[in-house]
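What follows is a single structure, written as structure tokens, with notes after it.
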Ligand code: ADP
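Numbering (our numbering), first residue to last: 11 to 300.
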């Protein structure tokens with residue numbers, strides 16, 4: 011099964027060009043859609059999830075057209091939106107059971123089996139009788155995945171799922187997604203570079219509605235190898251360096267900025283060549299458009 015996004019554009023009524031000629035091909039496995047807030051990720055996710063239409067372009071899941079065959083697509087689709095609300099006074103088991111009814115799993119025996127299996131899969135079986143209002147962020151997100159998997163989807167879309175999770179919960183969530191991606195197309199939208207680095211076999215970087223880079227994370231890192239240099243500078247020098255070099259990232263270490271620059275030739279000037287990271291790849295693209 012393959013998802014093909016071809017030349018997709020969307021301009022909102024207020025004139026914001028949320029998507030501009032976006033084209034991507036996504037196969038089974040984990041696909042990372044990485045971009046800063048406002049890049050257009052949710053717009054793209056909602057369009058693929060049949061919740062809104064683009065102005066131009068086409069999205070195909072094999073031979074189904076997302077815009078024209080919404081009902082058929084929904085049968086194959088699982089979606090965990092960015093804002094996923096739960097009924098706080100219901101237990102995980104009861105709500106999941108209700109949602110299963112809404113998704114058309116009407117045979118009660120079958121439904122019980124599916125609900126039980128999903129509670130196990132998402133590691134929520136032991137807390138199935140607890141009210142969702144008392145769940146931690148990570149538990150809620152795992153519940154979100156459980157509901158998204160009710161119809162055994164071929165395409166799972168998760169929008170910014172790890173925001174607010176602590177490292178342990180995040181890892182647990184990663185493991186769950188990796189397992190699902192073994193036989194499902196999983197699209198993970200995120201602004202967190204580590205999410206993609208840890209998980210995704212393929213990725214795209216989106217900024218201001220445009221795909222600015224796509225490929226395999228390791229390959230994209232390889233392409234920038236030997237071009238990223240680092241230097242610790244004084245705070246007052248930052249503007250100067252920004253004028254002189256292609257500064258892709260600056261962060262504080264013990265109060266002093268460390269800058270990363272890209273250069274085809276060694277800049278000398280006290281810079282050291284460093285191992286390229288996916289973060290460097292990301293910032294080299296994001297800052298290109300600034
Ligand atoms: P992301 O998910 O990457 O943060 P979004 O797709 O939510 O990006 O938003 C892309 C751009 O479109 C932003 O500038 C956002 O403010 C704008 N936008 C999103 N939804 C709407 C809407 N319903 N009406 C108008 N502008 C919107």
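Just so you know, even glycine gets a beta-carbon here, dropped at the ideal spot from N, CA and C.
These figures come from a predicted structure and were not determined experimentally.
Taking C-beta atoms as the reference points, residue 286 and residue 231 count as a pair closer than 7 Å. A distance filter of 6 Å between CB atoms and the heavy atoms of the ligand ADP selects the following residues in sequence order: 22, 24, 26, 28, 45, 47, 48, 49, 50, 51, 52, 53. In the three-state reduction of the DSSP assignment, residue 269 falls in the strand class.
The three-state secondary structure of residue 76, taken from DSSP, is coil. If you draw a straight line from the Cα of residue 175 to the Cα of residue 184, it comes to about 11 Å.
The residue from 263, 266, 271, 242 with its alpha-carbon nearest to that of residue 255 is 271.
Taking C-beta separations shorter than 6 Å and ignoring five residues to either side along the sequence, the partners of residue 66 in its chain run 19, following chain order. Assignment of beta strand (DSSP E) within the segment 192-249, counting only whole runs of 3 or more residues, yields 195-200, 212-217, 220-225, 238-242 in chain order. Bounds of the beta strand (DSSP E) holding residue 31 are 27-36.
Rounded to whole angstroms, the separation of the alpha carbons of residue 86 and residue 128 is 17 Å. Look at residue 40 here: in three-state DSSP terms it is strand. Around the beta carbon of residue 152, 16 or more other beta carbons sit within 10 angstroms, so the residue counts as buried. Per the DSSP secondary-structure output, residue 14 pairs in a beta bridge with 35, 70. Residues of the same chain with a CB within less than 7 Å of the CB of residue 15, apart from the 5 flanking positions on each side, are 32, 33, 34, 69 in chain order. By DSSP's assignment, residue 167 forms a beta bridge with 89, 197. Per the Cβ contact rule, the segment 212-220 is not in contact with the segment 232-246 (fewer than 3 Cβ pairs under 8 Å). In the structure shown, residue 113 adopts coil according to DSSP, grouped into three states.
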